[in-house]
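Chains as they are written, first to last, in the numbering used here: chain A, 47 to 248; chain B, 47 to 248.
Working notes for the structure below.
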């Protein structure tokens, strides 16, 4: 093996160490947010939990919001390629997904980090753009794909704008969750799906 | 006029001064949030803008979020009793209201304070409860009243849950606004109304 290597290429070991540190930082951020909430979350606390120096974090991320976004991205990359269930029963499939979302949001270990991510995005247009491009965008693609299949099967009217449909199915849940304007229940999830499908005119 | 008065009753002058200070503080908080955003907003800056001491603010409010909530309450109390338009054309009335909301959200002087209020509520369950009880609740009552009139006129199906209807009509707009997941336009507002009324099955 040649001894000469470009000064700018990190060794395989260094890359592995960096990746291990990175994953430790992201896990720590997610867990801590789930324990103490976003307001109290600090770069220092994340560093301590991850066993790295504070500067290591600041080298890679400009803010705790950015760390949290990458934590969610890391979570979304693990496991199989997700996709909305397709049993060809649109109503059943949407109810399944929305009920699963209600369950997830009821767990403080997920609820608190997601609140943190949401408030970081709300105030930071750059972070919002990254969030839309790398996290929400791909998730919405999966939703759009399921709804398009339903549209092709004649279960959704042909001239329905699927982005509006996505907003109508998921928007009510997220809005109610965020502002705690009502209890989030499987029953509410079911009724959002039923009402979105049949329309208010009934 | 009797000179003897209970020690605990403030003089009419003191009450007027308190009210003037209070309104100055709330106006200052709202304006400043609209100029610099919620993250940078501080009690100190609000006090300076309002021309009061910092302790005056802390005496009455526990946090900048609480000040902002009262600022929105003060705004909602000025003017005539609001109500959703009722021309008996439900679709036109809802489009009017949603388009007005889109315009309001496009103005940074309203957008930024509302983002601030929203993030304060998201992380503070006490503030959220106060928000729901004193601000969002009454607003939702007006929405419910308009939809109930439409239901009585047969324009909305009799068995539709009006709280779900409210979430479906307003949820998409607020969700898209908050997370900047798409542009907020009159066209989007119109299509949300049309799709909510006709349903996805079409």
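Glycine is no exception: its CB is placed at the ideal position from the N, C-alpha and C atoms.
Beta-carbon proximity check, residue i vs residue j, cutoff 8 Å
i, j, result
"residue 148/A", "residue 213/B", "no"
"residue 231/B", "residue 178/A", "no"
"residue 209/B", "residue 221/A", "no"
"residue 117/A", "residue 72/A", "yes"
"residue 92/B", "residue 103/B", "yes"
"residue 211/B", "residue 225/A", "no"
"residue 218/A", "residue 217/B", "yes"
"residue 66/B", "residue 132/B", "no"
"residue 229/A", "residue 206/B", "no"
"residue 181/A", "residue 122/A", "yes"
"residue 134/A", "residue 94/A", "no"
Straight-line gap, residue i to residue j (C-alpha atoms, nearest Å)
i, j, result
"residue 201/B", "residue 243/A", "17 Å"
"residue 173/A", "residue 63/B", "43 Å"
"residue 168/A", "residue 165/B", "8 Å"
"residue 189/A", "residue 146/A", "14 Å"
"residue 114/B", "residue 236/A", "35 Å"
"residue 150/A", "residue 88/B", "34 Å"
"residue 176/B", "residue 97/B", "27 Å"
"residue 155/A", "residue 84/A", "12 Å"
"residue 99/A", "residue 120/A", "21 Å"
"residue 234/B", "residue 215/B", "12 Å"
"residue 170/A", "residue 185/A", "20 Å"
"residue 106/A", "residue 152/B", "33 Å"
"residue 187/B", "residue 110/B", "27 Å"
"residue 130/A", "residue 70/A", "29 Å"
"residue 18/A", "residue 138/A", "Nothing about residue 18/A can be read from this structure; chain A reaches only from 47 to 248."
"residue 203/B", "residue 136/A", "22 Å"
"residue 90/B", "residue 86/A", "21 Å"
"residue 29/A", "residue 101/B", "Outside the displayed range of chain A (47 to 248) lies residue 29/A, so it cannot be described from this structure."
"residue 197/A", "residue 68/A", "42 Å"
"residue 108/B", "residue 108/A", "29 Å"
Per-residue DSSP class, three states only, for residue i
i, result
"residue 177/A", "helix"
"residue 107/B", "coil"
"residue 185/A", "helix"
"residue 59/B", "helix"
"residue 98/A", "coil"
"residue 203/B", "coil"
"residue 218/A", "helix"
"residue 241/A", "helix"
"residue 191/B", "helix"
"residue 141/A", "helix"
"residue 236/A", "helix"
"residue 134/A", "coil"
"residue 80/A", "helix"
"residue 247/A", "coil"
"residue 209/A", "helix"
"residue 87/A", "coil"
"residue 226/B", "coil"
Chain C within 8 Å of residue i, Cβ atoms only
i, result
"residue 104/A", "Among the protein chains of the structure shown, namely A and B, there is no chain C."
Residue i CB to nearest heavy atom of the ligand ATP below 7 Å
i, result
"residue 148/B", "Only the bare structure without any ligand can be found here, which leaves the ligand ATP out of the picture."
**Cβ pair count under 8 Å reaching 3, the region 134-147 of chain B against the region 52-71 of chain B** = These segments do not touch.
**Completely contained beta strand (DSSP E) runs for the region 145-178 of chain A, where each covers 3 or more residues** = none
**Prompt:** Touching or not, the region 149-164 of chain B and the region 76-88 of chain B, by the rule of three or more beta carbon pairs under 8 Å?
**Reply:** yes
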